[in-house]
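Residue numbers (this note's numbering): 117 to 401. Each residue gets a CB set at the ideal place from its N, CA and C atoms; glycine is no exception. Quick caveat, the model's predicted, so the values are computed rather than measured. Remarks on the structure that follows.
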């Protein structure tokens, strides 16, 4: 487990508050003066060797200077016109875009530009070794699950089912409730529930995908963690620069993974992990 750390960047109590502060230029340069140079979508399908099931990913990414912000979407849900809307647009306009994934990607790009993942901003690097897609998936899962500080036998709500994460929890004798809006079953034939808040009440901790930012389910889970003093660990390809801003406001730790993601390359990579200095119940409040 990494040495505990506190991000030095300004925090926010809610996602709406963070978005408004960014729009107002309170977190960095006036977003009206910054333009998105490149907008692109990454689509992939994967079925790891030895696994019985596969999945698809689709991610909208926006490049602002040297930073890339991203938001995952359900495959096929992003209109092609969204990319045309984004390229060349100023960040302020995209922070008001009618599509939530565009707003999230724009905010992520802006915050990545303002506060990159560095030790000075509270991040601790976690190297990912080169390897096959499955090897890298398992290495990332270990980095994420290590942020949970739970005794064996505890139950974790996993929002955004990733079989390698479930495998890592099983190896630590942690029980879990898999949850995903698509439902279905896990690699081991376990039912995947679709109502995260209903399941959260019977779990000791929450392990949640950053994709919840883009489908508007993050805030209810963050509020649940605050109300019930439940640890909330985020694994974030979506909003990797956004979610560390909620440390101490329901979020207890973040494993941030900005573009390019582990599944795009066989070479070595790096994750960035954030924790509170003394994380206690409810994320160290």
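Between which two residues does the beta strand (DSSP E) harbouring residue 295 extend? Translated into the one-based positions of the chain shown, residue 295 becomes position 179. Where residue 295 is concerned, the enclosing beta strand (DSSP E) stretches over 291-295.
I need the straight-line Cα distance from residue 140 to residue 250, nearest angstrom please. In the chain shown, counting from the first residue as 1, residue 140 sits at position 24. In the chain shown, counting from the first residue as 1, residue 250 sits at position 134. Answer to the nearest angstrom: the Cα atoms are 42 Å apart.
DSSP-derived helix/strand/coil call for residue 193: Against the chain shown, residue 193 aligns to sequence position 77. Of the three classes helix, strand and coil, the one that applies to residue 193 here is coil, per DSSP.
Any contact between the region 301-313 and the region 215-229? By contact I mean 3 or more CB pairs, one from each, below 8 Å. Contact fails: fewer than three Cβ-Cβ distances are below 8 Å.
Which of the three DSSP states, helix, strand or coil, is assigned to residue 118? For the purposes of this step, residue 118 is taken as the residue at position 2 of the chain shown. Caution is warranted here: a pLDDT of 35 is assigned to residue 118, below 50, making its placement in the model unreliable, and no coordinate value can be reported.
What does DSSP give as the partner residues of residue 407 in its beta bridges? Because the chain in this structure spans residues 117 to 401, residue 407 falls outside the shown range and cannot be described.
Considering only C-alpha positions, which residue in the set 285, 182, 217 and 162 is nearest to residue 190? By one-based count along the chain shown, residue 190 stands at place 74. Of the candidates 285, 182, 217 and 162, the one whose C-alpha sits nearest the C-alpha of residue 190 is 217.
Name the residue from 320, 379, 201 and 286 whose alpha carbon lies nearest to the alpha carbon of residue 178. Looking up residue 178 in the chain shown gives position 62. Taking only the C-alpha atoms, the option nearest residue 178 is 201.
Reduced DSSP category for residue 202 - H, G, I as helix; E, B as strand; rest coil: Start at 1 with the first residue of the chain shown, and residue 202 comes out as number 86. Note: residue 202 maps to helix in three-state DSSP.
Looking at the unbroken alpha helix (DSSP H) that takes in residue 135, where does it start and where does it end? Along the chain shown, one-based indexing puts residue 135 at 19. That run of the alpha helix (DSSP H) goes 131-139.
Where residue 243 falls: helix, strand or coil (DSSP): Translated into positions along the chain shown, residue 243 becomes position 127. In the structure shown, residue 243 sits in a strand (DSSP, three-state: E or B).
Nearest neighbour of residue 378, chosen from 263, 259 and 227 [CA to CA]: Numbered from its first residue, the chain shown carries residue 378 at position 262. With distances taken between Cα atoms, residue 378 lies closest to 259.
Given a cut-off of 8 Å, decide if residue 280 and residue 315 are closer than it, judged by their beta-carbon atoms. Stepping through the chain shown from its first residue, residue 315 is reached at position 199. Stepping through the chain shown from its first residue, residue 280 is reached at position 164. Residue 315 places its beta carbon 8 Å or farther from that of residue 280.
Along the alpha helix (DSSP H) that carries residue 220, what are the first and last residues, could you check? For the purposes of this step, residue 220 is taken as residue 104 along the chain shown, with counting starting at 1. That run of the alpha helix (DSSP H) goes 216-230.
Which first and last residues belong to the alpha helix (DSSP H) in which residue 334 is found? As a working mapping, residue 334 is identified with position 218 in the chain shown. Counting along the chain, the alpha helix (DSSP H) containing residue 334 begins and ends at 334-344.
Extent of the continuous beta strand (DSSP E) run through residue 273: In the chain shown, counting from the first residue as 1, residue 273 sits at position 157. For residue 273, the enclosing beta strand (DSSP E) has its first and last residue at 271-275.
Taking the alpha carbon of residue 304 as the point to measure from, which residue in 297, 283 and 318 has its own alpha carbon closest? Within the chain shown, numbered from 1, the residue matching residue 304 stands at position 188. Closest option to residue 304, Cα to Cα, is 283.
Tell me residue 174's beta-bridge partners as DSSP assigns them. As a working mapping, residue 174 is identified with position 58 in the chain shown. Among the bridge pairs identified by DSSP, residue 174 is matched with 159 and 189.
Touch check for the region 226-234 and the region 340-360: three-plus C-beta pairs under 8 Å? yes
Rounded to the nearest angstrom, what separates residue 261 and residue 300 at their Cα positions? By 1-based counting over the chain shown, the position of residue 261 is 145. By 1-based counting over the chain shown, the position of residue 300 is 184. When rounded, the distance between both Cα atoms is 23 Å.
Three-state secondary structure assigned by DSSP to residue 127: Indexing the chain shown from 1 puts residue 127 at position 11. The answer is coil: DSSP assigns residue 127 none of H, G, I, E or B.
Taking the alpha carbon of residue 156 as the point to measure from, which residue in 198, 136, 162 and 340 has its own alpha carbon closest? For the purposes of this step, residue 156 is taken as the residue at position 40 of the chain shown. When only C-alpha atoms are compared, the closest one is 198.
For residue 351, the three-state DSSP class (helix, strand or coil): By one-based count along the chain shown, residue 351 stands at place 235. Here residue 351 sits in strand by DSSP.
For the candidate residues 319, 324 and 329, whose alpha-carbon lies nearest to that of residue 345? One-based indexing of the chain shown puts residue 345 at position 229. Cα-wise, what sits closest to residue 345 is 319.
Bridge partner(s) assigned by DSSP for residue 307: The residue you call residue 307 lines up with position 191 of the chain shown. Bridge partners of residue 307: 301.
Contact check, residue 270 vs residue 290, beta carbons under 8 Å: The residue you call residue 270 lines up with position 154 of the chain shown. The residue you call residue 290 lines up with position 174 of the chain shown. Yes. Within cutoff.
Suppose you measure from the CA of residue 128 to the CA of residue 338; what does that come to, to the nearest Å? On the chain shown, position 12 is the one that residue 128 refers to. On the chain shown, position 222 is the one that residue 338 refers to. Looking at the two C-alpha atoms, the distance is approximately 12 Å.
Any contact between the region 384-394 and the region 364-373? By contact I mean 3 or more CB pairs, one from each, below 8 Å. Flag = yes, the region 384-394 and the region 364-373 touch.
Integer-rounded CB distance, given that residue 323 should sit under 8 Å from residue 351: In the chain shown, residue 351 corresponds to position 235, counting from 1. In the chain shown, residue 323 corresponds to position 207, counting from 1. Yes, residue 351 and residue 323 are in contact; Cβ-Cβ is about 7 Å, under 8 Å.
Given a cut-off of 8 Å on the beta-carbon distance, is the pair residue 375 and residue 203 in contact? Translated into positions along the chain shown, residue 375 becomes position 259. Translated into positions along the chain shown, residue 203 becomes position 87. Against a cut-off of 8 Å, the Cβ pair of residue 203 and residue 375 comes out as no contact.
Is the beta carbon of residue 153 less than 8 Å from the beta carbon of residue 147? Here residue 153 refers to the residue found at position 37 when the chain shown is read from its first residue. Here residue 147 refers to the residue found at position 31 when the chain shown is read from its first residue. The answer is no: Cβ separation not under 8 Å.
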